[in-house]
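Asker: Let me give you the structure first, and then I'll get to my questions.
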Amino acid sequence: MKKFLFVLIAVVGMLFSQAAADEGYWPKSYFAEVGFGIIASKGDFNERSTAITDTAGKKGLIHQPALDFLATPDLTIGANIAQFTLALNFQYWTSNQTLAGFSDESYTADSRIWRLGFEFTYNLFWPDYFQIGLGGGYSYTSINTKNSVYFQDGGIQSSELMGSAVGFIANLHYYFTDQLSMVPAIKVYENWFKNAYSGRTDNCDLDPYLWQTFVLASVSLQYTF
Numbered sequence: 003m004k005k006f007l008f009v010l011i012a013v014v015g016m017l018f019s020q021a022a023a024d025e026g027y028w029p030k031s032y033f034a035e036v037g038f039g040i041i042a043s044k045g046d047f048n049e050r051s052t053a054i055t056d057t058a059g060k061k062g063l064i065h066q067p068a069l070d071f072l073a074t075p076d077l078t079i080g081a082n083i084a085q086f087t088l089a090l091n092f093q094y095w096t097s098n099q100t101l102a103g104f105s106d107e108s109y110t111a112d113s114r115i116w117r118l119g120f121e122f123t124y125n126l127f128w129p130d131y132f133q134i135g136l137g138g139g140y141s142y143t144s145i146n147t148k149n150s151v152y153f154q155d156g157g158i159q160s161s162e163l164m165g166s167a168v169g170f171i172a173n174l175h176y177y178f179t180d181q182l183s184m185v186p187a188i189k190v191y192e193n194w195f196k197n198a199y200s201g202r203t204d205n206c207d208l209d210p211y212l213w214q215t216f217v218l219a220s221v222s223l224q225y226t227f
């Protein structure tokens, strides 16, 4: 993963350097997007709880939120360099979720989830008013859930699960004007959560990791300047 990030940063640096060297060949613009999306997810979060041990040696279980379906705002800022787009994407949402690992679905808790991602896309048919973007992304996600860690001694704690993801991105750009466009998108992220935190365990590594696939369908309005 470190090698992947190094190569990605090097490619991005080369693009920006070339754009600065030849503005006529590499026209640049910047943009901001505000949108709304629906997320469906499937994986380890839906299927099992996770065993942990606190600093005193007491065993417990993290009951992850199922995260079957979520609604979230979708915020993006970025730059267009000819047919290439580089962007930072942010999502933040809260919801009441069913906890995994119980015999019924009566156990629920409030979850707070945020995700920050870097995205790179190549836009087909640029510079037409209708474009198709294809690319990938890398993101970091934090999921904080109240009263989701149950210890053998009866103690209950909140949990935070932290992980990374790589993803595939496909979107459409339809420009109403030179500055304003509508951007529907599909993003598929494969997440691995390798760290967990609660008040009694501090930060601990998960073995095995928790894997969860997120599929986001969103519609945004983009302003280019």
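Mapping to our numbering: the sequence shown position 95 is 97, numbers consecutive.
Quick reminder that beta carbons are idealized off the backbone N, C-alpha and C, glycines included.
A quick note: this is a predicted structure, and the numbers were derived from the prediction, not measured.
State the DSSP-derived secondary structure class of Asp-207, mapped to helix, strand or coil.
Answerer: Numbered from its first residue, the sequence shown carries residue 207 at position 205. Residue state, collapsed to three classes: strand.
Asker: Count the C-beta pairs between the stretch 68-86 and the stretch 151-160 that are closer than 8 Å, then say yes if the count reaches three, no if not.
Answerer: Taking 8 Å as the limit for Cβ pairs, the verdict is that the stretch 151-160 does not touch the stretch 68-86.
Asker: By Cβ distance below 6 Å, which residues in the same chain neighbour Gly-135 in space, the five residues on each side in sequence not counted?
Answerer: Counting from 1 along the sequence shown, the entry for residue 135 is found at position 133. These residues qualify, in order along the chain: Thr-123, Asn-125 and Asn-173.
Asker: Just tell me which of Phe-92, Gly-37, Gly-139 and Lys-148 has its CA closest to the CA of Gln-224.
Answerer: For the purposes of this step, residue 224 is taken as the residue at position 222 of the sequence shown. The shortest Cα separation from Gln-224 among Phe-92, Gly-37, Gly-139 and Lys-148 belongs to Gly-37.
Asker: Alpha carbon to alpha carbon, how far is Met-164 from Tyr-94?
Answerer: Stepping through the sequence shown from its first residue, residue 164 is reached at position 162. Stepping through the sequence shown from its first residue, residue 94 is reached at position 92. Whole-angstrom Cα-Cα distance: 14 Å.
Asker: Between which residues of its own chain and Tyr-199 is the CB-CB distance below 6 Å, once the five residues before and five after are set aside?
Answerer: Position 197 of the sequence shown, counting from 1, holds the residue named residue 199. Answer for Tyr-199: Glu-162 and Asn-205, listed in chain order.
Asker: Grab me the residues of Thr-215's own chain with a C-beta within less than 8 Å of its C-beta, minus the 5 sequence neighbours each way, in chain order.
Answerer: Here residue 215 is taken as the residue at index 213 of the sequence shown, counted from 1. If we look at Thr-215 and ignore the five residues flanking it on each side, its Cβ neighbours are Ser-43, Lys-44, Gly-45, Val-190, Tyr-191, Glu-192 and Asn-193.
Asker: Taking the continuous beta strand (DSSP E) assigned at Phe-120, which residues delimit it?
Answerer: As a working mapping, residue 120 is identified with position 118 in the sequence shown. From DSSP, the beta strand (DSSP E) with Phe-120 extends over 110-126.
Asker: Buried or exposed for Gln-181, going by 16 or more other Cβ atoms inside 10 Å?
Answerer: To locate residue 181, count along the sequence shown from 1; it is residue 179. Exposed.
Asker: Given a threshold of 16 other Cβ atoms within 10 Å of its Cβ, counted over all protein chains shown, does Ser-220 qualify as buried or as exposed?
Answerer: Translated into positions along the sequence shown, residue 220 becomes position 218. That one is buried.
Asker: I think Ser-113 touches Gln-99, with their Cβ atoms under 8 Å apart; what is that distance to the nearest whole Å?
Answerer: To locate residue 113, count along the sequence shown from 1; it is residue 111. To locate residue 99, count along the sequence shown from 1; it is residue 97. So it is a contact: roughly 5 Å between Cβ atoms.
Asker: Would you grab the beta carbon distance between Ala-111 and Leu-101 for me? Rounded to a whole angstrom, and I think it's under 8 Å.
Answerer: Looking up residue 111 in the sequence shown gives position 109. Looking up residue 101 in the sequence shown gives position 99. Sure, about 6 Å apart at Cβ, within 8 Å.
Asker: Ends of the alpha helix (DSSP H) at Glu-107?
Answerer: Locating residue 107 in the sequence shown gives position 105, counting from the first residue. Taken as a continuous stretch (DSSP letters only), Glu-107 belongs to no alpha helix (DSSP H), as it is neither H nor E.
Asker: To which residues of the same chain is Thr-57 closer than 7 Å at the C-beta, ignoring the five residues directly before and after it?
Answerer: Along the sequence shown, one-based indexing puts residue 57 at 55. Cβ neighbours of Thr-57 beyond the five flanking positions: Arg-202, Thr-203 and Asp-204.
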